Amino acid sequence: MANDPLLHPYRLKHLTLKNRLMLTSHEPAYPEDGLPKALYRAYHVERARAGLGLTMTAGSAAVAKDSPPVFNNILAYKDEVVPWISELTDACHEHGTAVMIQLTHLGRRTRWDKGDWLPAVSASHRREASHRAFPKQVEDWDIERLIRDYADAAERMHAAGLDGIELQAYGHLMDQFWSPLTNTLEEPYGGDLDNRLRFTFDVLRAIRQRVGEEFIVGVRYTGDEMLPGGLTASDGMAISQRLKDSGLVDFLNVVRGHIDTDPGLTDVIPIQGMPSAPHLDFAGEIRRQVDFPTFHGAKIQDVATARHAIASGKVDMIGMTRAHMADPHIVRKIVEGREEEIRPCVGANYCLDRIYQGGAAYCIHNAATGRETTMPHTISKAAQKRRIVVIGAGPAGLEAARVAGERGHEVVVLEAASDAGGQVRLTAQSERRREMMGIIDWRLERCEALGVEIRYNVWAEVEDVLQENPDVVIVATGGYPMEDQPTVGSDLVVNTWDILSGHVPPGKRVLLFDDAGDHAAMQAAEVIAATEAELEIMTPDRTFSAEIMAMNLVPYMRSLQRPNVTFTPTYRLKSVQRDGSELLARITSDYLDLDHERRIDQVVVNYGITPMADIYFELKPHSSNGGEVNYEDLIVGRPQAVIRNSGDGFQLFRIGDAVESRNTHAAIYDALRLVKDL
Numbered sequence: 001m002a003n004d005p006l007l008h009p010y011r012l013k014h015l016t017l018k019n020r021l022m023l024t025s026h027e028p029a030y031p032e033d034g035l036p037k038a039l040y041r042a043y044h045v046e047r048a049r050a051g052l053g054l055t056m057t058a059g060s061a062a063v064a065k066d067s068p069p070v071f072n073n074i075l076a077y078k079d080e081v082v083p084w085i086s087e088l089t090d091a092c093h094e095h096g097t098a099v100m101i102q103l104t105h106l107g108r109r110t111r112w113d114k115g116d117w118l119p120a121v122s123a124s125h126r127r128e129a130s131h132r133a134f135p136k137q138v139e140d141w142d143i144e145r146l147i148r149d150y151a152d153a154a155e156r157m158h159a160a161g162l163d164g165i166e167l168q169a170y171g172h173l174m175d176q177f178w179s180p181l182t183n184t185l186e187e188p189y190g191g192d193l194d195n196r197l198r199f200t201f202d203v204l205r206a207i208r209q210r211v212g213e214e215f216i217v218g219v220r221y222t223g224d225e226m227l228p229g230g231l232t233a234s235d236g237m238a239i240s241q242r243l244k245d246s247g248l249v250d251f252l253n254v255v256r257g258h259i260d261t262d263p264g265l266t267d268v269i270p271i272q273g274m275p276s277a278p279h280l281d282f283a284g285e286i287r288r289q290v291d292f293p294t295f296h297g298a299k300i301q302d303v304a305t306a307r308h309a310i311a312s313g314k315v316d317m318i319g320m321t322r323a324h325m326a327d328p329h330i331v332r333k334i335v336e337g338r339e340e341e342i343r344p345c346v347g348a349n350y351c352l353d354r355i356y357q358g359g360a361a362y363c364i365h366n367a368a369t370g371r372e373t374t375m376p377h378t379i380s381k382a383a384q385k386r387r388i389v390v391i392g393a394g395p396a397g398l399e400a401a402r403v404a405g406e407r408g409h410e411v412v413v414l415e416a417a418s419d420a421g422g423q424v425r426l427t428a429q430s431e432r433r434r435e436m437m438g439i440i441d442w443r444l445e446r447c448e449a450l451g452v453e454i455r456y457n458v459w460a461e462v463e464d465v466l467q468e469n470p471d472v473v474i475v476a477t478g479g480y481p482m483e484d485q486p487t488v489g490s491d492l493v494v495n496t497w498d499i500l501s502g503h504v505p506p507g508k509r510v511l512l513f514d515d516a517g518d519h520a521a522m523q524a525a526e527v528i529a530a531t532e533a534e535l536e537i538m539t540p541d542r543t544f545s546a547e548i549m550a551m552n553l554v555p556y557m558r559s560l561q562r563p564n565v566t567f568t569p570t571y572r573l574k575s576v577q578r579d580g581s582e583l584l585a586r587i588t589s590d591y592l593d594l595d596h597e598r599r600i601d602q603v604v605v606n607y608g609i610t611p612m613a614d615i616y617f618e619l620k621p622h623s624s625n626g627g628e629v630n631y632e633d634l635i636v637g638r639p640q641a642v643i644r645n646s647g648d649g650f651q652l653f654r655i656g657d658a659v660e661s662r663n664t665h666a667a668i669y670d671a672l673r674l675v676k677d678l
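For the sequence shown, the UniProt record's numbering begins at 1 and goes up steadily by one.
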């Protein structure tokens, strides 16, 4: 491991980073009142404890009140942020990890009705599509104030003992000055490239006056907007050279693209099914030509890619941010020769999509990330070994088996199918989402290493379970598509699972009615549309695919925006009947009592999941707790001790979709927080 390029130290000015792996600046939306308190600190310390070289906090810590965060960011304009940043920094320094923070003014990339309801401000009046605010064009007094705000925030970060700061200059205010698409100012801050860069250099000079020459300052920026009329790769190279020549910055952190639309953001930060490391070569070319410390991160989801980035000399520090959300112990596992145990990032982007909808960032298959103050990343051994039977080998069942195995219990899994995976296996039938199988494959490998026994092709009956003489039974049988809708004609429709599995081929004229708004409908739509069938996607909601968040929707729309596909929101499938060789679908609405019709040859429906829980209810009388869960104990992390039935029966629990229709993350979280205390 000593020769591993990822583990080589890197000298940046006076600072020695102990290895080449970093978390790029990101905001998981864990602050309280805009301050990085206990959870925020615990999140970064977990990764520092495992050996990370550099952790970059706060994607976009706000430097001014007219830069109100559109989700829960650190407020760097508050004086009271200093002690909290200081505590986080000291805690990471104890493990030898350097800490920096990203500062920004969002400019137009916010809304006027957030925070203090101040007008958004930018270098033009042009609205950003994503956040929809029409900004005020900056005046001279705004520019003076903004420069001072940046300098004030940098001085606070310096006082907090951070190792450095990074200024955000893509999609935010600085880049809005840079780009000819978003700068309509006259001289001295508008016009040619030097004038458009003037605001940035004014800010950098003001920061240096406050923090001195030794404090590390970098810029994260786009070297090519990839937009007609925007900054070109040639502009990006010129900007990179100017930043170096200024003597005001110590490193460059290069991205490529634009983030003013959902598709643009998704191309900058690619999700599953998109190419890995798409901008690495571009960042490497900037480093080669400019010859200056260069950082980069964009879908570097595996160690091999990160190692290549450093070994080939493309960049000096490589970011594995989402990968470290999936597994915070990557560095430790590299050092200890346990790379095969790294929990893979599957690119589901549940983390980023959640924050853009106002939630905290959670990894789709590591339920401890973002819950470091309540959930363990390392499972402790139980005081007493127990025999645990898990019914079902989907994500919930396998997580329950894995955690129970880590606890040292004797674990048997009974699975009705010939393979593990449940609904995830169905999801992975689509080529674009095949990475989802990493959720299952990693757990199967861990279960095998832990001695968990998995029996396939076993449809568990009560007697089968009782013969195992269990101490605990966990029902993780998942669910199946709701089959009794619509109330008239349910026997004439097929469900999305039929299409995804290939059991039913798509028709030529198809109505896909989606009452759940989840991935199953959009994946089925992709399969149908690819056959050139005439497809109408209908939903009673005011928007389609309400459960699919912004960045995950992008690949679907790229495959479905074609002449043979139409989208119809706010209408509801009422009934289906046979009419000769056709199907007659009657359509109504929640808004008006309508009676429209469609004549098609296939109706595909998505009404969500019905729990498959028969075995749970059959086992309840045999259990000591009657299936009851004490929610207070579950939430605070105490063992379950409910007794409802007499005798020495086993404890019985059910998790995941066997309880109710939710998602993969919820199923895994159910398993972790229950089984960690068994």
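Even glycine gets a Cβ: it sits at the ideal position worked out from N, Cα and C.
Everything numeric in this text was worked out from a predicted model, so none of it was measured.
Where do the ends of the beta strand (DSSP E) carrying V99 lie?
Boundaries of the beta strand (DSSP E) harbouring V99: A98 to T104, taken from the DSSP string.
Please confirm whether V315 and A283 have their CB atoms less than 8 Å apart.
Cβ atoms of V315 and A283: closer than 8 Å.
Compare the C-beta of H258 with all C-beta atoms of chain D and state if any pair is closer than 8 Å.
Judged by its chain identifiers, the structure shown contains no chain D, having just a single protein chain.
Give the range of the beta strand (DSSP E) segment to which F295 is assigned.
Where F295 is concerned, the enclosing beta strand (DSSP E) stretches over T294 to H296.
Name the residue from R558, G59, Q102 and F177 whose alpha carbon lies nearest to the alpha carbon of H26.
Taking only the C-alpha atoms, the option nearest H26 is G59.
Taking just the CA atoms, how far does H329 sit from H622?
Cα to Cα, the separation comes out at about 41 Å.
Mapping DSSP to helix, strand and coil, what is E155?
Annotated three-state conformation of E155 is helix, per DSSP.
Could you spell out where the alpha helix (DSSP H) holding S559 opens and where it closes?
It spans A550 to L560 - the alpha helix (DSSP H) in which S559 sits, taken as one unbroken run.
Kindly give me the distance between the Cβ atoms of R205 and W178, rounded to whole angstroms, as I take these residues to be in contact under 8 Å.
Incorrect: roughly 17 Å between the Cβ atoms, too far for contact.
Can you give the beta carbon distance from P555 to G359, rounded, assuming they're within the 8 Å contact cut?
Contact between P555 and G359 is ruled out by a C-beta separation of about 21 Å, above the 8 Å threshold.
Give me, in chain order, the residues of the same chain whose beta-carbon lies closer than 7 Å to that of P376; leave out the 5 immediate sequence neighbours on both sides.
If we look at P376 and ignore the five residues flanking it on each side, its Cβ neighbours are A368 and K676.
Please identify the residue among D593, D601, Q209 and Q602 whose C-alpha is closest to the C-alpha of E155.
Closest option to E155, Cα to Cα, is Q209.
Expressed to the nearest angstrom, what Euclidean distance is found between the alpha-carbon atoms of G502 and E526?
Cα to Cα, the separation comes out at about 13 Å.
Beta-carbon separation of R49 and T55 under 8 Å?
No; because the gap between Cβ atoms is not below 8 Å, this pair is not in contact.
Hey, could you find the ends of the alpha helix (DSSP H) K244 is sitting in?
Taken as a continuous stretch (DSSP letters only), the alpha helix (DSSP H) holding K244 covers A233 to S246.
Which class does I269 belong to by DSSP, given the choice of helix, strand or coil?
The three-state secondary structure of I269, taken from DSSP, is coil.
Rounded C-beta distance between V331 and L52? I'm assuming under 8 Å.
That belief holds up - the Cβ atoms of V331 and L52 are roughly 6 Å apart, short of 8 Å.
Go ahead and pull the three-state DSSP assignment for Y616.
The answer is helix: DSSP assigns Y616 an H, G or I state.
List the DSSP bridge partners of T57.
According to DSSP, which records beta bridges pairwise, T57 is partnered with I101.
When DSSP labels each residue in this structure, what does R586 get in the three-state scheme?
Reduced to three states, the DSSP call for R586 is strand.
What are the start and end residues of the beta strand (DSSP E) that includes P481?
Annotation for P481: the continuous beta strand (DSSP E) segment containing it runs G479 to P481.
Buried or exposed for M557, going by 16 or more other Cβ atoms inside 10 Å?
Burial is judged here by how many other beta carbons sit within 10 angstroms of a residue's own beta carbon; M557 has fewer than 16 and is exposed.
If A476 sits next to I391, beta carbons under 8 Å apart, how far is it from one beta carbon to the other, in whole angstroms?
A476 to I391, Cβ: 6 Å. Contact.
Enumerated in chain order, which unbroken segments of the beta strand (DSSP E) with a length of 3 residues or greater are wholly contained in the stretch 311 to 383?
Entirely contained in the stretch 311 to 383, the beta strand (DSSP E) runs reaching 3 residues are, in chain order, 317 to 319.
Pair within 8 Å by beta-carbon distance, M317 and I300:
Result no, Cβ atoms of M317 and I300 do not sit closer than 8 Å.
Measuring straight from C-alpha to C-alpha, what distance separates Y150 and I207?
The straight-line gap separating the alpha-carbon atoms of Y150 and I207 is approximately 7 Å.
With a threshold of 16 other CB atoms inside 10 Å of the CB of A513, please say whether the residue is buried or exposed.
Note on residue identity: the sequence assigns Phe, not Ala, to residue 513. F513 is buried by the Cβ-count criterion.
One question on the structure: do P506 and T531 come within less than 8 Å of each other, judged by their Cβ atoms?
When the beta-carbon positions are compared, P506 and T531 come within less than 8 Å of each other.
Assigned secondary structure, residue 711 (DSSP; H/G/I helix, E/B strand, else coil)
With the chain covering 1 to 678 only, the question about residue 711 has no answer from this structure.
Among P83, T496, V255 and A311, which one has its Cα closest to the Cα of F295?
Ranking the options by Cα distance to F295, first place goes to V255.
Per the contact definition of three or more C-beta pairs closer than 8 Å, is the stretch 406 to 413 in contact with the stretch 447 to 463?
Below 8 Å, enough C-beta pairs join the stretch 447 to 463 and the stretch 406 to 413 to call them touching: three or more.
What is the rounded straight-line gap between the Cα of M551 and the Cα of D595?
Straight across, the Cα-Cα distance linking M551 with D595 is about 35 Å.
Answer with buried or exposed for R288, where buried requires no fewer than 16 other C-beta atoms within 10 angstroms of its C-beta.
With fewer than 16 Cβ atoms within 10 Å of its Cβ, R288 is classed as exposed.
Is R109 buried or exposed, if buried means 16 or more other CB atoms sit within 10 Å of its CB?
Within a 10 Å sphere around the beta-carbon of R109 sit 16 or more other beta-carbons, which makes this residue buried.
Using the C-alpha atoms, what's the distance from Q423 back to K333?
Straight-line Cα distance between these residues: approximately 30 Å.
Contact belief for L6 with R307 at Cβ below 8 Å, rounded distance in angstroms
Going by Cβ atoms, the distance from L6 to R307 rounds to 5 Å, so yes, they are a contact pair.
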